[in-house]
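Asker:
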Amino acid sequence: MSSHGTPIPMTAQRSGPLSGTAEVPGDKSISHRALILGALAVGETRITGLLEGQDVLDTAAAMRAFGAEVERRDGTWHVHGVGVGGFAEPETVIDCGNSGTGVRLIMGAMATSPITATFTGDASLNRRPMARVTDPLALFGARTVGRAGGRLPMTIVGAADPLPVRYATPVPSAQVKSAVLLAGLNAPGETVVIEREATRDHSERMLTGFGAEVRTEDTDEGRVITLTGRPELRPQIIAVPRDPSSAAFPVCAALITEGSDVLVPNIGLNPTRAGLFTTLREMGADLTYENEREEGGEPVADLRARFSPAMRGIDVPPERAASMIDEYPVLSVVAACAEGETRMTGVKELRVKESDRIDAMAQGLRACGVEVAEGEDWWCVTGRGAGGVPGGATVESRLDHRIAMSFLVLGLAARAPVSVDDGGPIATSFPIFEPLMTALGAHIEREAS
């Protein structure tokens, strides 16, 4: 069942060439951070290009609950912040819907203020582990009461006298790193995060832009990020680049749909986020970067993707996982349409996303006639070649937006239509997915009610 009510079954069928320009929404990761840091600054932050999907709207509502003024006027979001340490205690439960990023970052932002907040989410989010964030927040002095296994609903009592923390992340996770850095804003002295594998660095970039002192160095023990606590954050004017995770769907659809030529402009190519595009090019995809430039401290380019019938499977290096963890589902769809095996390792994080994404994709691909092998930390897709996937299945989306979109992309190139039982969760991250893909020439339909 959709987190938004009645399930929305959707079907995609083999389409003619996709063509045109795909104007995808703003980057979700940057949108969350812009709202939170705007709420912690003193003065008005203005944000254009904000992703207006439900995940980000839930974060905007949370910032209002903590005392910031957040409103949208004439397409621009205006955030009047309360300053570091200025969050008020919310009067209601903070409902983060489907967003693991939103809830974990907000927990970090409030954990070092002397306030109490209760967090919940939809059925999918309430199954996801939160101890990976609450454990380091406890080192600052925050206290947590939640369900068994560290799951939502959960109440956090913020630290009245927070301590600075030095923390080595046990798994590569930008959410964990960011939660600790946000908590460190209201702690005295220096808070240090050590990453064995580098993850997306939007938080470090944006914190610096807002005026925080952040140092990053690569050492023998990994990447060491040091934040000096209790800065006065300065309000900013932020233009959110477009989301590479959303761009993945029209790009991959073009690569596997015969005759396609699609331009996806203004895509953020931060090297900690662009692993999918590197992987696709290694597979032989006709994917080019045009008009490369820098905007707001982030590398940006226009992506042109053309039908690529000669793609071959590869071994995706495990050290690349952090830079493309959300894109493995749609990569597995491309792998199904390539020749040979695509092996993906170092990906156990996929097991604790909105769904167990390895299991969800493996089950769905097998139902569509594709051979998949899997283990706890790896999976392997044996491709059927361009136009060779039988399709013809109805797949469970498991309240996971990326599972739903990935199988709808597969349906555009499969021999028989592919359906998902519920496309409703797509609205959490890519609310214009259906009309955007239809405008390119994709045959995607909702089941008549």
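The letter at position 81 of the sequence shown is residue 81 when you use full-length UniProt numbering, and the numbering goes up by one with no holes. Backbone N, C-alpha and C fix where the C-beta goes; we use that ideal spot for every residue, glycine too. From a predicted model like this one, the values you see are computed outputs, not experimental measurements.
#1: May I ask which residues mark the beginning and end of the alpha helix (DSSP H) holding methionine 405?
#2: Put phenylalanine 140 into one of helix, strand or coil per three-state DSSP.
#3: Nearest to valine 79 by CA position, among Asp243, Ile36 and Ile444, is which residue?
#4: With a cut-off of 8 Å on the beta carbons, I'd call leucine 287 and valine 251 a contact; round off their distance for me.
#5: Using the DSSP secondary-structure output, state which residues sit across from methionine 10 in a beta bridge.
#6: Would you report the Cα separation of methionine 437 and glutamate 44, rounded to the nearest angstrom?
#7: Count the other CB atoms within 10 Å of the CB of alanine 248; is the residue buried (16 or more) or exposed (fewer)?
#8: Does proline 299 come within less than 8 Å of chain C when only Cβ atoms are used?
#9: What does the alpha-carbon distance come out to for the pair glutamine 54 and glycine 424?
#10: Can you tell me the Cβ-Cβ gap for tyrosine 167 and leucine 139, rounded? I've got them flagged as a contact below 8 Å.
#11: Using only alpha-carbon positions, find the residue among Arg230, Ile403 and Arg73 that is nearest to serine 355.
#12: Could you tell me which residues DSSP puts in a beta bridge with alanine 117?
#13: Locate the beta strand (DSSP E) running through proline 265, then write down its first and last residues.
#14: Our contact map puts valine 381 next to serine 429 with C-beta atoms below 8 Å; I'd like the distance itself, whole angstroms only.
#15: Examine the Cβ distances between the region 212-219 and the region 157-174 and report whether three or more of them are shorter than 8 Å.
#16: Taking just the CA atoms, how far does arginine 415 sit from tryptophan 379?
#17: Quick check on the burial criterion: 16 or more other C-beta atoms within 10 angstroms. Buried or exposed for proline 170?
#18: Buried or exposed for valine 93, going by 16 or more other Cβ atoms inside 10 Å?
#19: Within 10 angstroms of its Cβ, does alanine 160 collect 16 or more other Cβ (buried), or is it exposed?
#20: Tell me the rounded alpha-carbon separation between arginine 398 and valine 409.
#21: Quick one, are the C-beta atoms of proline 188 and glycine 229 less than 8 Å apart?
#22: In whole angstroms, what separates the C-alpha of proline 435 from that of glutamate 396?
#23: Report yes if the C-beta distance between valine 389 and glycine 364 is below 8 Å; otherwise report no.
#24: Would you identify the three-state DSSP class for glutamate 294, choosing helix, strand or coil?
#25: Quick one: give me the first and last residue of the alpha helix (DSSP H) that glycine 238 is part of.
#26: Mind reading off the beta-carbon distance from isoleucine 256 to valine 193? Whole number of angstroms is fine, and I expect it under 8 Å.
#27: Between Val103, Thr48 and Ser406, which has its C-alpha nearest threonine 394's C-alpha?
Answerer: This is what the structure gives:
#1: Position 405 of the sequence shown, counting from 1, holds the residue named residue 405. Residues 401-411.
#2: As a position in the sequence shown, residue 140 is number 140, starting the count at 1. Note: phenylalanine 140 maps to helix in three-state DSSP.
#3: Here residue 79 corresponds to residue number 79 of the sequence shown, with the count starting at 1. Taking only the C-alpha atoms, the option nearest valine 79 is Ile36.
#4: In the sequence shown, residue 287 corresponds to position 287, counting from 1. In the sequence shown, residue 251 corresponds to position 251, counting from 1. Yes, they are in contact, since the Cβ atoms of leucine 287 and valine 251 sit about 7 Å apart, within 8 Å.
#5: Indexing the sequence shown from 1 puts residue 10 at position 10. Answer is Val420 and Arg446.
#6: In the sequence shown, residue 437 corresponds to position 437, counting from 1. In the sequence shown, residue 44 corresponds to position 44, counting from 1. Methionine 437 and glutamate 44: Cα-Cα distance of roughly 36 Å.
#7: Within the sequence shown, numbered from 1, the residue matching residue 248 stands at position 248. Its Cβ being crowded by 16 or more others within 10 Å, alanine 248 is buried.
#8: Any reference to chain C falls outside this structure, which holds one protein chain only.
#9: If you number the sequence shown from 1, residue 54 lands on position 54. If you number the sequence shown from 1, residue 424 lands on position 424. Straight-line Cα distance between these residues: approximately 11 Å.
#10: In the sequence shown, residue 167 corresponds to position 167, counting from 1. In the sequence shown, residue 139 corresponds to position 139, counting from 1. About 7 Å; that satisfies the 8 Å criterion.
#11: Translated into the one-based positions of the sequence shown, residue 355 becomes position 355. For serine 355, the closest of Arg230, Ile403 and Arg73 by C-alpha to C-alpha distance is Ile403.
#12: Within the sequence shown, residue 117 is the residue found at index 117, counting from 1. According to DSSP, which records beta bridges pairwise, alanine 117 is partnered with Ile156.
#13: Walking along the sequence shown from the start, residue 265 turns up at place 265. Note, proline 265: beta strand (DSSP E), 261-268.
#14: Here residue 381 refers to the residue found at position 381 when the sequence shown is read from its first residue. Here residue 429 refers to the residue found at position 429 when the sequence shown is read from its first residue. 23 Å between Cβ atoms; not a contact.
#15: no
#16: As a working mapping, residue 379 is identified with position 379 in the sequence shown. As a working mapping, residue 415 is identified with position 415 in the sequence shown. Roughly 24 Å between the two C-alpha positions.
#17: Walking along the sequence shown from the start, residue 170 turns up at place 170. Burial call: exposed.
#18: The residue labelled residue 93 in the question sits at position 93 within the sequence shown. When all chains shown are included, valine 93 counts as exposed.
#19: Taking the first residue of the sequence shown as 1, we reach residue 160 at position 160. Its Cβ having fewer than 16 others within 10 Å, alanine 160 is exposed.
#20: Along the sequence shown, one-based indexing puts residue 398 at 398. Along the sequence shown, one-based indexing puts residue 409 at 409. Distance between the alpha carbons of arginine 398 and valine 409 is about 17 Å.
#21: The count along the sequence shown starts at 1 and reaches residue 188 at position 188. The count along the sequence shown starts at 1 and reaches residue 229 at position 229. Taking 8 Å as the Cβ cut-off, proline 188 and glycine 229 qualify as a contacting pair.
#22: Against the sequence shown, residue 435 aligns to sequence position 435. Against the sequence shown, residue 396 aligns to sequence position 396. Their backbone Cα atoms lie some 22 Å apart in a straight line.
#23: For the purposes of this step, residue 389 is taken as residue 389 along the sequence shown, with counting starting at 1. For the purposes of this step, residue 364 is taken as residue 364 along the sequence shown, with counting starting at 1. Contact: no.
#24: In the sequence shown, residue 294 corresponds to position 294, counting from 1. Strand, per DSSP.
#25: As a position in the sequence shown, residue 238 is number 238, starting the count at 1. Checking the sequence shown, residue 238 turns out to be isoleucine, not glycine. Premise fails: isoleucine 238 lies in the beta strand (DSSP E), 237-239, not in any alpha helix (DSSP H).
#26: Reading the sequence shown from its first residue, position 256 is the one you call residue 256. Reading the sequence shown from its first residue, position 193 is the one you call residue 193. Not confirmed; about 39 Å, so no contact.
#27: Position 394 of the sequence shown, counting from 1, holds the residue named residue 394. Out of Val103, Thr48 and Ser406, Ser406 has the C-alpha closest to the C-alpha of threonine 394.
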